[in-house]
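Chemist: Under my numbering, think of the first position of the first sequence as 18, with each following residue one higher.
By construction, the Cβ of each residue, glycine as well, lies at the ideal position given by its N, Cα and C atoms.
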Amino acid sequence: MPLKVYNTLSRSKEIFTPITEGHVGMYVCGPTVSGESHLGHARPYVTFDIVHRYLKHLGYKVRYVRNITDAGHFEEEGREAEDKISQKALLERLEPMELVQKYTNLFHWAMDAFNTIPPSIEPTATGHIVEQIVMIEKIIAAGFAYVANGSVYFDVEKYHHAFAPKGMPYGMLSGRNLDDQLDTTRELDNQEEKRNKSDFALWKNAPPEHIMRWPSPWGEGFPGWHIECSAMSNKYLGNQFDIHGGGMDLQFPHHECEIAQSAVCSHVTMAKYWIHNNMITINGRKMGKSYNNVIKLSELFSGNHPLLEQPYHPMTIRFFILQSHYRSTLDFGNEALKGAEKAFKRLWEAYQVLLNLTHDSFEPNAADSAQTDVDNLDAKVNAFLDEFTEFMDDDFNTAKVLANMFELAPIINGIKDKHLSIHALKPTTLARLKSDMQCFIEEIFGLKQEKEGGDKLDGVLQLLMKLRKEAKAKKDFLTSDTIRKELATLGVHLKDEKDGGMSYQID
RNA sequence: GGCUCUGUGACCGAGUGGCUAGGUAGAGCUCUGCAAAAGCUUCUACAGCGGUUCGAAUCCGCUCGGAGCCUCCA
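1) So what does Tyr290 bridge to, in DSSP terms?
2) Quick one: residues in its chain with C-beta nearer than 6 Å to the C-beta of Gly42, no 5 flanking neighbours on either side, listed in chain order?
3) If Glu404 sits next to Ala248, beta carbons under 8 Å apart, how far is it from one beta carbon to the other, in whole angstroms?
4) Can you find the residues in the same chain that come closer than 6 Å, C-beta to C-beta, to Glu316, ignoring five residues on each side of it along the sequence?
5) Can you tell me which of the three DSSP states His55 falls into?
6) Would you mind reading off the limits of the beta strand (DSSP E) that contains Val45?
7) With a threshold of 16 other CB atoms inside 10 Å of the CB of Asn393, please say whether the residue is buried or exposed.
8) Would His272 and His261 be called neighbours here (beta carbons separated by less than 8 Å)?
9) Nearest CA to the CA of Glu53: which residue from Gly39, Glu237, Val117, Trp231?
10) Around the C-beta of Tyr308, are 16 or more other C-beta atoms found within 10 angstroms, so that it is buried, or is it exposed?
11) Nearest-angstrom Cα distance between Leu480 and Phe494?
12) So, helix, strand or coil for Gly238, using DSSP?
13) Going by C-alpha to C-alpha distance, which of Val285, Tyr170, Met265, Gly350 sits closest to Gly192?
14) Alpha carbon to alpha carbon, how far is Asp66 from Lys355? Give it in angstroms, no decimals.
15) Here's the rule: buried if 16 or more other CB atoms are within 10 angstroms of the residue's CB, otherwise exposed. What is Arg302?
16) Suppose contacts are defined by Cβ-Cβ distances below 8 Å. Is Ile85 in contact with Glu139 by that definition?
17) Would you tell me roughly how many angstroms separate the C-alpha atoms of Leu233 and Thr141, rounded to the nearest one?
18) Nearest by alpha-carbon distance to Val63: which of Asp475, Glu38, Asp129, Lys435 is it?
19) What are the uninterrupted segments assigned as alpha helix (DSSP H) that are 4 or more residues long and contained completely in the region 393–436, given in chain order?
20) Rounding to the nearest angstrom, what Cα-Cα distance links Leu450 and Thr25 in this structure?
21) Fully enclosed by the region 454–500, which alpha helix (DSSP H) runs are 4 residues long or longer?
22) Could you check what DSSP says for Tyr23 in three-state terms: helix, strand or coil?
23) So what's Tyr176 in DSSP terms, helix, strand or just coil?
24) Using 10 angstroms around the beta-carbon of His330, count the other beta-carbons present and answer buried if the total reaches 16, otherwise exposed.
25) Using three-state DSSP, classify Gln388 as helix, strand or coil.
26) How long is the line joining the alpha carbons of Lys525 and Pro35, rounded to whole angstroms?
27) State buried or exposed for Ile429, treating a residue as buried only when at least 16 other CB atoms are found within 10 Å of its CB.
28) I need the straight-line Cα distance from Asn137 to Leu347, nearest angstrom please.
29) Going along the chain, which residues of its own chain have a beta-carbon closer than 8 Å to the beta-carbon of Glu424, five neighbours each way excluded?
30) Near Arg230, which residues of its chain fall below 8 Å by C-beta distance, leaving aside the five closest residues on each side in sequence?
31) At which residues does the beta strand (DSSP E) containing Phe217 begin and terminate?
32) Flag this pair as yes or no: are the beta carbons of Trp235 and Gly167 separated by less than 8 Å?
33) Pull up the DSSP beta-bridge partners for Leu511, would you.
34) Does Asn351 pass the burial test, meaning 16 or more other C-beta atoms within 10 Å, or should it be called exposed?
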């Protein structure tokens with residue numbers, strides 16, 4: 018079955034066919050590093066990490082480009098250009114680039130904690146000023162931009178009239194009608210610089226107090242909001258590439274403007290498939306600075322936030338995101354996250370049990386095999402596994418794959434506890450179960466469990482478990498319970514196995 | 001106001017015409033020295049009202065509620 022992806026351009030699921038066979042070019046809008054990343058940022062980067070991983074799994078060679086916006090944008094177009102980064106830098110008495118570096122490092126730290134695969138290329142806006150200027154010159158030369166007081170604006174209406182007949186109207190992505198636009202765009206200062214309200218800046222003249230500035234043919238200034246993504250995606254992925262991703266909130270105006278800029282330069286729609294992830298909400302509301310409901314990732318990991326009842330591990334967050342479909346909103350809540358934490362733990366443990374299962378460790382005997390309809394269980398397991406790819410091919414439905422994994426967990430645990438016979442599974446099925454689970458859990462879903470403590474701690478715990486076993490054998494439950502209790506307060510939980518064995522787990 | 005979505009059980013959340021989603025929480029049972037874990041069983045649904053259909057949570061209409069975008073935004 019071919020991979021199908023939901024394309025925002027067509028508002029429908031389409032069969033994914035790469036432009037160049039065997040290769041995929043993917044551009045995802047990265048973070049603006051003017052502040053620390055929050056939970057909302059985790060959604061797109063985990064989502065597109067899954068897309069990236071799955072495409073690779075399917076055998077594609079993927080060039081994944083994700084930018085770092087470090088040039089900053091003005092708060093409100095037309096007002097005094099208030100570059101976010103430089104403004105905050107003043108407050109914190111830092112050099113702008115120092116601030117940018119700090120938040121870039123923090124972003125990378127969080128991405129690493131989420132176990133996302135770094136993009137193939139991570140270009141910065143400040144590193145591509147030249148490319149952006151060249152592109153703006155091209156747009157001016159083509160007659161779709163004009164210079165006003167040292168700033169350059171894109172002529173949206175002119176573009177629309179020229180490109181709508183070519184099947185690239187302004188608004189093709191967001192479903193917006195340009196005429197409605199004109200009526201609803203609110204009044205802004207300095208409107209007189211623009212010919213039309215819907216025009217957007219390609220280059221902004223920098224007022225004297227503006228720290229981040231670059232020389233350009235139009236005077237000193239800084240690039241407009243949208244041009245960096247057009248310039249950088251074009252440089253590294255060409256005139257037309259396969260996938261452009263980002264949050265739904267970027268659809269308009271950001272992606273719409275990207276399309277227009279790039280179309281002027283290359284006469285094609287820059288990307289074939291537009292994939293947008295939905296928002297993470299908190300009490301039903303988008304998480305964002307303007308709503309004052311932001312939970313930073315560092316706070317999430319440490320639990321240090323009034324809304325958090327406890328810290329949450331990055332893998333819990335990753336699992337939490339995977340449990341829903343990327344195009345649905347996902348509502349944050351302690352109850353939901355705690356649920357995800359427990360669920361992930363259960364899944365991971367079943368997975369570990371599975372990796373240790375072998376036919377050899379179970380004696381075939383009549384009573385055992387009588388418990389299970391051999392063909393039935395074998396077929397069931399295979400059916401669940403078949404669906405892994407089927408669900409992923411259907412627009413990356415990670416939620417359904419996880420549901421199937423939770424159908425498999427009781428089977429795995431049942432075999433371990435001997436409620437089910439391992440001989441109900443053919444050796445080939447068991448092998449497939451192991452490799453498919455391994456592939457989807459670790460390779461595609463990128464879930465992992467930190468190995469905590471290391472060898473020394475393990476040695477100490479083995480010793481304590483040995484002592485506890487001995488105490489139990491002597492029915493000295495006071496001692497055995499003390500060991501278990503004391504360890505539990507330290508966050509180490511002992512579990513007695515059926516056959517007298519023991520294992521531990523660290524929080 | 002315009003555009004785009006959305007409303008599923010205590011909570012999160014799949015699902016789009018007929019088949020148990022799944023997870024967490026709750027209840028009962030099995031196992032266990034006790035506990036934990038695990039397994040088994042079980043409870044609470046598809047906002048409301050109409051319509052289409054043999055049949056709708058799923059399609060259509062209306063009503064009510066919620067969100068995103070239209071301004072920086074993942």
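Modeler: According to the structure data:
1) Ile260, per the DSSP bridge assignment.
2) The beta carbon of Gly42 sits closer than 6 Å to those of Arg80, Leu254, Phe258, Asp259, all from its chain and outside the five residues before and after it, given in chain order.
3) With 8 Å as the limit, Glu404 and Ala248 do not qualify as a contact, their Cβ atoms being about 42 Å apart.
4) So the qualifying residues of the chain are His322.
5) His55 falls in the strand class under three-state DSSP.
6) From DSSP, the beta strand (DSSP E) with Val45 extends over 40–45.
7) By the 10 Å Cβ count, Asn393 comes out exposed.
8) Yes, the pair counts as a contact, with Cβ atoms nearer than the cut-off.
9) Nearest C-alpha to Glu53: Val117.
10) Using a 10 angstroms sphere on the CB of Tyr308, the tally of other CB atoms stays under 16, which defines it as exposed.
11) Leu480 and Phe494 have their C-alpha atoms spaced approximately 17 Å apart.
12) Gly238 sits in a strand when the DSSP states are folded into three classes.
13) With distances taken between Cα atoms, Gly192 lies closest to Met265.
14) Their backbone Cα atoms lie some 23 Å apart in a straight line.
15) That one is exposed.
16) Yes. Within cutoff.
17) Here the sequence assigns Ser to residue 233, which means Leu is not the residue at that position. Approximately 18 Å, taken between the alpha carbons.
18) Of the candidates Asp475, Glu38, Asp129, Lys435, the one whose C-alpha sits nearest the C-alpha of Val63 is Asp129.
19) With a minimum length of 4 residues, the continuous alpha helix (DSSP H) runs that stay inside the region 393–436 are 415–433.
20) CA-CA distance, Leu450 to Thr25, rounds to 35 Å.
21) Counting only runs of 4+ residues, the alpha helix (DSSP H) found wholly inside the region 454–500 occupies 471–490, in chain order.
22) Strand at Tyr23.
23) Tyr176: helix per DSSP, three-state reduction.
24) That one is buried.
25) Model confidence at Gln388 stands at a pLDDT of 49, short of 50, so the residue's coordinates are unreliable and nothing is read from them.
26) Outside the displayed range of the chain (18 to 524) lies residue 525, so it cannot be described from this structure.
27) Buried: at least 16 other Cβ atoms inside 10 Å.
28) Residue identity check: residue 137 is Ser in the sequence provided, not Asn. About 28 Å.
29) Excluding sequence neighbours, Glu424 sits near Phe401.
30) If we look at Arg230 and ignore the five residues flanking it on each side, its Cβ neighbours are Ala223, Glu237, Gly238, Phe239.
31) For Phe217, the enclosing beta strand (DSSP E) begins and ends at 217–222.
32) At a Cβ-Cβ threshold of 8 Å, Trp235 and Gly167 count as neighbours.
33) Among the bridge pairs identified by DSSP, Leu511 is matched with Tyr521.
34) By the neighbour-count rule (16 or more Cβ atoms within 10 Å), Asn351 is not buried but exposed.
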